[in-house]
Amino acid sequence: MSLYHDKAEEFVYQYESVNAEEVHQQWLALLNNIKPGKALDVGAGSGRDARFLTSRGFAVTAVEPADALRVLAEKLSQQLPIQWLSDLLPDLPKVQALQQQFDLVLLSAVWMHLSSDERQQTLPMLCSLLAHDGLLVLTLRHGSFNDGRLSYPVTSAEILALVQQHQLLLTPVLVSDLVSDTLGRSDVAWQTVVLKKG
Numbered sequence: 006m007s008l009y010h011d012k013a014e015e016f017v018y019q020y021e022s023v024n025a026e027e028v029h030q031q032w033l034a035l036l037n038n039i040k041p042g043k044a045l046d047v048g049a050g051s052g053r054d055a056r057f058l059t060s061r062g063f064a065v066t067a068v069e070p071a072d073a074l075r076v077l078a079e080k081l082s083q084q085l086p087i088q089w090l091s092d093l094l095p096d097l098p099k100v101q102a103l104q105q106q107f108d109l110v111l112l113s114a115v116w117m118h119l120s121s122d123e124r125q126q127t128l129p130m131l132c133s134l135l136a137h138d139g140l141l142v143l144t145l146r147h148g149s150f151n152d153g154r155l156s157y158p159v160t161s162a163e164i165l166a167l168v169q170q171h172q173l174l175l176t177p178v179l180v181s182d183l184v185s186d187t188l189g190r191s192d193v194a195w196q197t198v199v200l201k202k203g
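Note that the working numbering has the sequence shown beginning at 6, numbered continuously upward.
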């Protein structure tokens with residue numbers, strides 16, 4: 006977490022160097038099947054994806070716990086329907102206090118930072134935040150970090166197993182193949198899992 010705070014400007018530059026449509030091309034067609042409503046972007050970074058979702062008609066709650074990163078992101082998203090919060094997984098107490106349900110919940114490049122125990126808590130909590138027919142989108146980073154950031158191995162099979170284990174009302178609508186990194190890093194690949202509630 007501290008690295009995202011200490012090097013906030015570097016991360017903003019990196020995140021803003023690619024557009025949301027390119028990063029999320031594997032699942033964006035699914036947006037056409039849901040009516041724009043409320044979206045939750047957890048680990049919102051520079052706000053790139055949150056801003057994109059507002060362009061598609063969503064009112065967005067954006068969660069970013071790294072203070073310096075969130076301050077910069079807020080400056081980039083002024084006048085847009087985005088509510089910024091400092092909150093933490095696996096519980097998201099501030100989000101839960103809103104007592105809202107969301108039509109779309111996005112965790113982009115977040116899941117790998119959660120330990121196995123944290124994932125056990127996080128997935129049921131996210132399911133509880135989803136409205137009926139809402140979509141939960143998780144983008145999974147395959148590949149380790151070389152800058153000290155803590156990460157854990159990820160698999161789509163683990164996520165599907167958690168759904169079964171906790172008997173969550175989530176149905177997989179997309180489990181993508183691995184794709185290359187949009188930033189051109191040869192040792193990083195990405196996969197997307199989309200789950201629908203109902």
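Glycine included, every Cβ here is placed at the ideal spot set by N, Cα and C.
Beta-carbon contacts of residue i that lie in its chain and below 6 Å, excluding the five residues immediately before and after
i	result
L81	G52
Q31	S181 and T197
G50	Y20
V159	W116, M117 and L145
L93	P70
P86	T59 and A64
L88	Just to set this straight, residue 88 is Gln in the shown sequence, not Leu. Cβ neighbours of Q88 beyond the five flanking positions: T66.
V28	T187
Rounded Cβ spacing between residue i and residue j (contact assumed at less than 8 Å)
i	j	result
P95	T127	4 Å
L35	L179	7 Å
L174	C132	7 Å
L134	Q104	No, L134 and Q104 are not in contact; Cβ-Cβ is about 10 Å, not under 8 Å.
Residue i classed as buried or exposed, judged by whether at least 16 other C-beta atoms fall within 10 angstroms
i	result
K202	buried
Q84	exposed
F63	buried
D46	buried
V184	exposed
T66	buried
A162	exposed
K108	It should be pointed out that residue 108 corresponds to Asp in this sequence rather than to Lys. By the neighbour-count rule (16 or more Cβ atoms within 10 Å), D108 is buried.
L74	buried
T59	buried
A166	exposed
A102	exposed
L155	exposed
L188	exposed
Residue(s) in a DSSP beta bridge with residue i
i	result
L175	K202
H147	A194
A67	D46 and W89
V142	L111 and V199
L135	F107
S185	A194
V180	V198
Cβ-based neighbour list, residue i, same chain, cut-off 8 Å, excluding 5 preceding and 5 following
i	result
E26	L33 and F57
A136	G42, K43, Q106, F107, D108 and K202
Own chain residues within Cβ distance below 7 Å of residue i, not counting five before or after
i	result
D192	G148
K99	L90 and D92
P41	R61, G62 and F63
Q.
Would the segment 51-65 count as touching the segment 131-148 if we require 3 or more Cβ pairs under 8 Å?
A. no
Q | Contact between the segment 170-180 and the segment 108-124 (3+ Cβ pairs under 8 Å) | A | no
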